[in-house]
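Peer 1: My structure is below; once you've seen it, I'll send some questions.
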Ligand code: AMP
Ligand code: GLY
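In UniProt numbering, the protein residues as written are 1 to 414.
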């Protein structure tokens, strides 16, 4: 099977590794990819926003499957263009990607599907915004309705800050604050069936102890030894299956990866958000743990054939830690050389924001590398990830030192 993968981040590097490990993948092509992915695939310098160029490349290569990594091309409708040209695509249509592209749309589908989420108001006028803020009170949760590259959500006790963020958005969703640990649970869907993956936890704040600004994610781990045993079954029954059924009933089936961001509140699980693609950096801990051959799995999803598929997982634990550029997330400093990237057993370095100048590896984004350690438990996985990341040299870079720390301590107590 010849595969074209679209994207260039750490998530795509992990997907490329998984696809390549499946012997049914005979050729792997990636547009545009990055220097880490270059060791696994042939790269093509095409912008992920150029639907036509992506479709032309798929035709030229005569691929059997296209896997779309990031949200922007999905929301731009690249999957529709590819499907119209006859390709099997892992990734939702423009209409189905609205689950990520519009928070208000996602709320409407959840309401119709009976999926538990925070109560909310969608507002455009100042008077409505103020009324919504005062209805829920602090902490205020204010979400830009549209895609905002991780900058759309403000959670604050400061009413003025909440109001000014809301006024800066064209349309805004204001919702009740959900208290409880957050988890990410992904499902792989062919439009009718959805196979839940194992849960992972992401760390969204920039600094240790969940301090500092929100980021795209500073690290992740899986499995979650502290989570209730039935969390996967419960999420399937209350969230994933009803969403897939509702999208199909609307005539816009969701084919691809449905990412449920959940809060485990005292009143039960609640959806915080949906994404229409694999999460980053959660994918960097899930793919190393997934035993089911990835290329075959995604092809089955893309061709409405998941009926008899069961996901299989290694018993191992995985922890990934993000190496961020100085100034991330506000204004990351890029173009700095990276050296001493180690090759260590049971450790995988994923490239997220890198480029190459001759033989020199340079930083090219806010999240530069993610380092995944795999081990028999979280403590071992963590030790491996931190041993590797501490060797990498990138001036001014930083990483959180507490990824999976509490979970690994809790695991010891079990
Ligand atoms: P999102 O982009 O929707 O994932 O939001 C970013 C982060 O904001 C989430 O990971 C949560 O930590 C926080 N957040 C979003 N919605 C809520 C909510 N209703 N209650 C509490 N925290 C939230
Ligand atoms: N890990 C958060 C995201 O992928 O949006």
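Backbone N, C-alpha and C define an ideal beta-carbon position, used for all residues, glycine too.
(1) Here's the rule I'm using: 16 or more other beta-carbon atoms within 10 Å means buried, otherwise exposed. How should residue 134 be labelled?
(2) Alpha carbon to alpha carbon, how far is residue 153 from residue 137? Give it in angstroms, no decimals.
(3) Can you list, in chain order, the residues of its chain whose CB lies under 7 Å from that of residue 35, leaving out five sequence neighbours each side?
(4) Could you tell me which of 190, 130, 77, 145 sits nearest to residue 107, measuring between CA atoms?
(5) Please confirm whether residue 44 and residue 57 have their CB atoms less than 8 Å apart.
(6) Which residue's Cα is closest to the Cα of residue 196: 374, 186, 202, 203?
(7) Could you tell me how far apart the beta carbons of residue 82 and residue 72 are, in whole angstroms, since I believe they sit closer than 8 Å?
(8) Helix, strand or coil: how does DSSP classify residue 156 here?
(9) Could you tell me the distance, in whole angstroms, from the CA atom of residue 4 to the CA atom of residue 92?
(10) Starting from residue 83 and walking both ways along the beta strand (DSSP E), at which residues does that stretch end?
(11) Here's the rule I'm using: 16 or more other beta-carbon atoms within 10 Å means buried, otherwise exposed. How should residue 209 be labelled?
(12) Go to residue 499, then tell me how far its beta strand (DSSP E) extends in each direction, as first and last residue.
(13) Classify residue 204 as helix, strand or coil using the three-state DSSP reduction.
(14) Could you check if residue 380 belongs to the surroundings of ligand 1, using beta carbon to heavy atom distance under 7 Å?
(15) Check whether the Cβ of residue 178 lies closer than 7 Å to any heavy atom of ligand 1, and answer yes or no.
(16) Pick helix, strand or coil for residue 418, following the three-state DSSP scheme.
(17) Since residue 63 and residue 78 are thought to touch, with beta carbons under 8 Å apart, how far apart are those beta carbons, to the nearest angstrom?
(18) Can you check DSSP and say which residues form a bridge with residue 140?
(19) Could you give the first and the last residue of the continuous beta strand (DSSP E) run that contains residue 419?
(20) Which value, in whole angstroms, describes the spacing of the CA atoms of residue 370 and residue 131?
(21) Does the distance between the C-beta of residue 214 and the nearest non-hydrogen atom of ligand 2 fall short of 7 Å?
(22) Per DSSP, what kind of secondary structure is residue 227 in: helix, strand or coil?
(23) Determine the extent of the alpha helix (DSSP H) in which residue 221 is found, giving its start and end residues.
(24) By how many angstroms is the C-alpha of residue 223 removed from the C-alpha of residue 178?
(25) Confirm the yes/no value for this check: CB of residue 273, any heavy atom of ligand 1, distance under 7 Å.
(26) Residue 94 and residue 75 - do their beta-carbons sit closer together than 8 Å?
(27) How many whole angstroms separate the CB atoms of residue 180 and residue 235, which I take to be in contact at a CB cut-off of 8 Å?
(28) Any chance the CB of residue 223 is under 7 Å from a heavy atom of ligand 2?
(29) Would you decide whether residue 391 is buried or exposed? Buried here means 16 or more other CB atoms lie within 10 Å of its CB.
(30) Using 8 Å as the threshold, is the C-beta distance between residue 282 and residue 127 below it?
(31) Taking contact to mean at least 3 C-beta pairs separated by less than 8 Å, is the region 293–309 in contact with the region 326–334?
(32) Would you identify the three-state DSSP class for residue 151, choosing helix, strand or coil?
(33) Based on DSSP bridge pairs, tell me the residues matched to residue 309.
(34) I want to check one thing, is the minimum distance from the CB of residue 146 to the heavy atoms of ligand 1 below 7 Å?
(35) Which one of 399, 400, 105, 381 has the shortest CA to CA distance from residue 408?
(36) Which residues bound the alpha helix (DSSP H) around residue 285?
Peer 2: Short version:
(1) Sequence index remark: in the chain shown, residue 134 carries index 134 (1-based). That one is exposed.
(2) Stepping through the chain shown from its first residue, residue 137 is reached at position 137. Stepping through the chain shown from its first residue, residue 153 is reached at position 153. Cα atoms of residue 137 and residue 153: separation of roughly 16 Å, rounded to the nearest angstrom.
(3) To locate residue 35, count along the chain shown from 1; it is residue 35. The residues 351, 354, 355, 356, 361, in chain order, have a CB closer than 7 Å to that of residue 35 in the same chain once the five nearest residues on each side in sequence are set aside.
(4) Locating residue 107 in the chain shown gives position 107, counting from the first residue. Relative to the Cα of residue 107, the nearest Cα in the group 190, 130, 77, 145 belongs to 145.
(5) Stepping through the chain shown from its first residue, residue 44 is reached at position 44. Stepping through the chain shown from its first residue, residue 57 is reached at position 57. Annotated as proximal: residue 44 and residue 57, with beta-carbon spacing under 8 Å.
(6) As a working mapping, residue 196 is identified with position 196 in the chain shown. Per the Cα distances, 186.
(7) Here residue 82 corresponds to residue number 82 of the chain shown, with the count starting at 1. Here residue 72 corresponds to residue number 72 of the chain shown, with the count starting at 1. Contact flag wrong, Cβ pair sits at about 15 Å.
(8) To locate residue 156, count along the chain shown from 1; it is residue 156. It is a strand residue.
(9) What you label residue 4 is simply residue 4 of the chain shown in a count that begins at 1. What you label residue 92 is simply residue 92 of the chain shown in a count that begins at 1. Take the alpha-carbon of residue 4 and the one of residue 92: they are about 16 Å apart.
(10) For the purposes of this step, residue 83 is taken as residue 83 along the chain shown, with counting starting at 1. In the DSSP assignment, residue 83 falls outside any beta strand (DSSP E) and lies within the alpha helix (DSSP H) extending over 78–84.
(11) To locate residue 209, count along the chain shown from 1; it is residue 209. With fewer than 16 other Cβ atoms within 10 Å, it is exposed.
(12) The chain is shown from 1 up to 414; residue 499 falls before or after that span and cannot be answered.
(13) Your numbering for residue 204 matches position 204 in the chain shown. Here residue 204 sits in coil by DSSP.
(14) For the purposes of this step, residue 380 is taken as residue 380 along the chain shown, with counting starting at 1. Outside the cutoff, so no.
(15) As a first step, residue 178 must be located in the chain shown, where it is residue number 178. Indeed, a heavy atom of ligand 1 lies less than 7 Å from the Cβ.
(16) Absent from the model: residue 418. The displayed extent of the chain is 1 to 414, so no value can be given.
(17) Translated into the one-based positions of the chain shown, residue 63 becomes position 63. Translated into the one-based positions of the chain shown, residue 78 becomes position 78. Actually they are not in contact, since the Cβ atoms of residue 63 and residue 78 sit about 14 Å apart, beyond 8 Å.
(18) For the purposes of this step, residue 140 is taken as residue 140 along the chain shown, with counting starting at 1. According to DSSP, which records beta bridges pairwise, residue 140 is partnered with 156.
(19) Residue 419 lies beyond the residue range present for the chain, which begins at 1 and ends at 414; the question has no answer from this structure.
(20) Here residue 370 refers to the residue found at position 370 of the chain shown. Here residue 131 refers to the residue found at position 131 of the chain shown. Approximately 42 Å, taken between the alpha carbons.
(21) Numbered from 1 along the chain shown, position 214 holds the residue referred to as residue 214. Taking the Cβ of residue 214 as the reference point, every heavy atom of ligand 2 lies at 7 Å or farther away.
(22) Counted from its first residue, the chain shown places residue 227 at position 227. Here residue 227 sits in coil by DSSP.
(23) As a working mapping, residue 221 is identified with position 221 in the chain shown. Note, residue 221: premise wrong, no alpha helix (DSSP H); beta strand (DSSP E) at 219–222.
(24) Residue 178 sits at position 178 when you count from the first residue of the chain shown. Residue 223 sits at position 223 when you count from the first residue of the chain shown. Roughly 23 Å between the two C-alpha positions.
(25) Within the chain shown, the letter at position 273 stands for residue 273. Checking the Cβ of residue 273 against ligand 1 gives yes.
(26) In the chain shown, the residue the question calls residue 75 occupies position 75. In the chain shown, the residue the question calls residue 94 occupies position 94. Yes; because the gap between Cβ atoms is below 8 Å, this pair is in contact.
(27) Here residue 180 refers to the residue found at position 180 of the chain shown. Here residue 235 refers to the residue found at position 235 of the chain shown. In fact, because the Cβ distance is near 14 Å, the residues do not count as touching under 8 Å.
(28) Taking the first residue of the chain shown as position 1, residue 223 is located at position 223. No.
(29) Taking the first residue of the chain shown as 1, we reach residue 391 at position 391. Residue 391 is exposed by the Cβ-count criterion.
(30) Numbered from its first residue, the chain shown carries residue 282 at position 282. Numbered from its first residue, the chain shown carries residue 127 at position 127. In this structure, the beta-carbon distance from residue 282 to residue 127 does not fall below 8 Å.
(31) Output reads no: the region 326–334 does not touch the region 293–309.
(32) Working through the chain shown from its first residue, we reach residue 151 at position 151. Under the three-state reduction of DSSP, residue 151 is assigned to coil, being neither helix nor strand.
(33) Counting from 1 along the chain shown, the entry for residue 309 is found at position 309. Beta bridge pairing from DSSP links residue 309 with no other residue.
(34) As a first step, residue 146 must be located in the chain shown, where it is residue number 146. Not so, every heavy atom of ligand 1 lies at least 7 Å from the Cβ.
(35) Within the chain shown, numbered from 1, the residue matching residue 408 stands at position 408. Nearest Cα to residue 408 within the set 399, 400, 105, 381: 381.
(36) One-based indexing of the chain shown puts residue 285 at position 285. 283–286 is the span of the alpha helix (DSSP H), which, as asked, contains residue 285.
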